[in-house]
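Residue numbers for the sequence shown follow UniProt numbering, beginning at 1 and rising by one.
Note that CB positions come from ideal geometry on N, CA and C, so glycine has one too.
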Amino acid sequence: MQKIFIATIFIICQLISYSALALSELPPLPIHKVKISDFVEKFNTLNKQYRYNLKPIKKPKESGFLYEITYLLTPNIYLTINSELELVSGFKLACDRFANNKSADMNKCQQSIQLVSQAFDPDFVLSDFERNKVCESEHKTSWTAGSSGIVKLCSYESTKVRYTQEYDLDDQSLRFSIFPFSEDESDYPTESESDLMSLKLVQYYASYVINYALPFLHTDNLLIYLNIKIHQLRMNI
Numbered sequence: 001m002q003k004i005f006i007a008t009i010f011i012i013c014q015l016i017s018y019s020a021l022a023l024s025e026l027p028p029l030p031i032h033k034v035k036i037s038d039f040v041e042k043f044n045t046l047n048k049q050y051r052y053n054l055k056p057i058k059k060p061k062e063s064g065f066l067y068e069i070t071y072l073l074t075p076n077i078y079l080t081i082n083s084e085l086e087l088v089s090g091f092k093l094a095c096d097r098f099a100n101n102k103s104a105d106m107n108k109c110q111q112s113i114q115l116v117s118q119a120f121d122p123d124f125v126l127s128d129f130e131r132n133k134v135c136e137s138e139h140k141t142s143w144t145a146g147s148s149g150i151v152k153l154c155s156y157e158s159t160k161v162r163y164t165q166e167y168d169l170d171d172q173s174l175r176f177s178i179f180p181f182s183e184d185e186s187d188y189p190t191e192s193e194s195d196l197m198s199l200k201l202v203q204y205y206a207s208y209v210i211n212y213a214l215p216f217l218h219t220d221n222l223l224i225y226l227n228i229k230i231h232q233l234r235m236n237i
């Protein structure tokens, strides 16, 4: 019974330390917060309203801390959504090699960009991106063929979202990315603050054990361990 109790206290102390460490490494949340379920609903509504005839997307079954899911909007247009804590953390829209009817494919790609952007941020207008984007050309490995080619890179930043477009001039592929800016990381606990929180919790449990458990257990092993643990946490602050 005594060994079980000591093991339980040991596990509790370890969990406290790991929890504090995880808290210090929590990624900043996006400034523009949109639930992925709300985005999916808005996307499908606008798709019907504008009659773009893109494939509707479904709410993801995943419910983890971080995940990525890809949807097929047309035979050559893919939408990848990144999510953190059920919030949208970014999009990647890929329009692969255009077919013989390049004009129609490009138009469908532009419609997809507008639809995804508007479903995420109602204030976004594609013409704003076209008018204010900053572009440059550079050599880059082709997405599809794996060969070197010329890529035109364009970017535009609003107060809360960064938009990036990559157009491969060789194989006629286009990538459009949307990533909201993150909140100020100063809003989150620093590593020292997290360690201090962990230290206070360990001290609380140590005080409880010393005042209530040790008089009945008559053992010094647990007290020694707790003192060592507290000393280690102090050294890390």
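Pick from K59, K108 and D123 that is closest to F39, judged by C-alpha positions: Looking up residue 39 in the sequence shown gives position 39. The option with the nearest alpha carbon to F39 is K59.
Taking all protein chains shown into account, decide if L93 is buried (16 or more other Cβ within 10 angstroms of its Cβ) or exposed. Walking along the sequence shown from the start, residue 93 turns up at place 93. Buried, by the Cβ-count rule.
So, helix, strand or coil for K152, using DSSP? On the sequence shown, residue 152 is found 152 positions in, with the first residue counted as 1. DSSP places K152 in strand when its eight states are reduced to three.
Local conformation of F179 per DSSP, three classes: For the purposes of this step, residue 179 is identified with residue 179 of the sequence shown, where counting begins at 1. F179 falls in the strand class under three-state DSSP.
What's the C-alpha gap between S89 and T74? Locating residue 89 in the sequence shown gives position 89, counting from the first residue. Locating residue 74 in the sequence shown gives position 74, counting from the first residue. Rounded to whole angstroms, S89 to T74 spans 23 Å at the Cα level.
Buried/exposed call for D123, threshold 16 Cβ in 10 Å: Residue numbering aside, residue 123 sits at position 123 when the sequence shown is read from its first letter. Label assigned to D123: exposed.
Can you name the residues that DSSP bridges to A94? Along the sequence shown, one-based indexing puts residue 94 at 94. Paired residue(s): Y78 and R175.
Verify whether the separation of the beta carbon atoms of V178 and F91 is less than 8 Å. Against the sequence shown, residue 178 aligns to sequence position 178. Against the sequence shown, residue 91 aligns to sequence position 91. The question names Val, but residue 178 is Ile in the sequence shown. The beta carbons of I178 and F91 sit closer together than 8 Å.
Any contact of the stretch 128-140 with the stretch 45-60, i.e. 3+ C-beta pairs under 8 Å? The stretch 128-140 is not in contact with the stretch 45-60.
Hey, P28 and L87: beta-carbon distance below 8 Å or not? One-based indexing of the sequence shown puts residue 28 at position 28. One-based indexing of the sequence shown puts residue 87 at position 87. No; because the gap between Cβ atoms is not below 8 Å, this pair is not in contact.
Here's the rule: buried if 16 or more other CB atoms are within 10 angstroms of the residue's CB, otherwise exposed. What is Q165? Start at 1 with the first residue of the sequence shown, and residue 165 comes out as number 165. Flag for Q165 reads buried.
Give every residue of the same chain whose Cβ lies closer than 6 Å to the Cβ of Q111, excluding the five residues on either side of it in the sequence, and list them in chain order. In the sequence shown, residue 111 corresponds to position 111, counting from 1. Only Y52 meet the Cβ criterion.
Assign S158 to one of three DSSP states: helix, strand, or coil. Counting from one through the sequence shown, the residue named residue 158 turns up at place 158. Three-state result, S158: coil.
Taking the C-alpha atoms as reference points, what is the distance between S186 and N82? Position 186 of the sequence shown, counting from 1, holds the residue named residue 186. Position 82 of the sequence shown, counting from 1, holds the residue named residue 82. At S186 the pLDDT is 41, less than 50, meaning the model places this residue with poor confidence and gives no usable figure here.
Rank R131, S182 and Q114 by C-alpha distance to the C-alpha of F176 and give the top, closest one. Stepping through the sequence shown from its first residue, residue 176 is reached at position 176. The alpha carbon of F176 has as its nearest neighbour, out of R131, S182 and Q114, the alpha carbon of Q114.
Mind checking which residues open and close the alpha helix (DSSP H) that includes Y52? Start at 1 with the first residue of the sequence shown, and residue 52 comes out as number 52. Here Y52 belongs to no alpha helix (DSSP H), and DSSP marks it neither H nor E.
Round the Cβ separation of L79 and Y67 to the nearest angstrom and send it over; I've been treating them as touching at under 8 Å. If you number the sequence shown from 1, residue 79 lands on position 79. If you number the sequence shown from 1, residue 67 lands on position 67. Wrong, their Cβ atoms sit about 15 Å apart, outside the cutoff.
S127: buried (16+ other C-beta within 10 angstroms of its C-beta) or exposed? Residue mapping note: residue 127 aligns to position 127 of the sequence shown, counting from 1. Per the 10 Å Cβ criterion, exposed.
How is the alpha helix (DSSP H) around E130 delimited, first residue to last? Within the sequence shown, residue 130 is the residue found at index 130, counting from 1. E130 -> alpha helix (DSSP H) spans L126 to N132.
Residues near I36 by beta carbon distance below 8 Å, same chain, minus five either side: Looking up residue 36 in the sequence shown gives position 36. Contacts found: K59, P60, I81, S83, E86, L87 and V88.
Identify which residue in K160, Y167, E183 and E130 has its Cα closest to the Cα of C95. The count along the sequence shown starts at 1 and reaches residue 95 at position 95. Closest option to C95, Cα to Cα, is Y167.
Quick one: grab the DSSP three-state call for S24. Working through the sequence shown from its first residue, we reach residue 24 at position 24. Only weak support exists for where S24 lies, its pLDDT of 47 falling under 50; the value from the coordinates is given anyway. The answer is helix: DSSP assigns S24 an H, G or I state.
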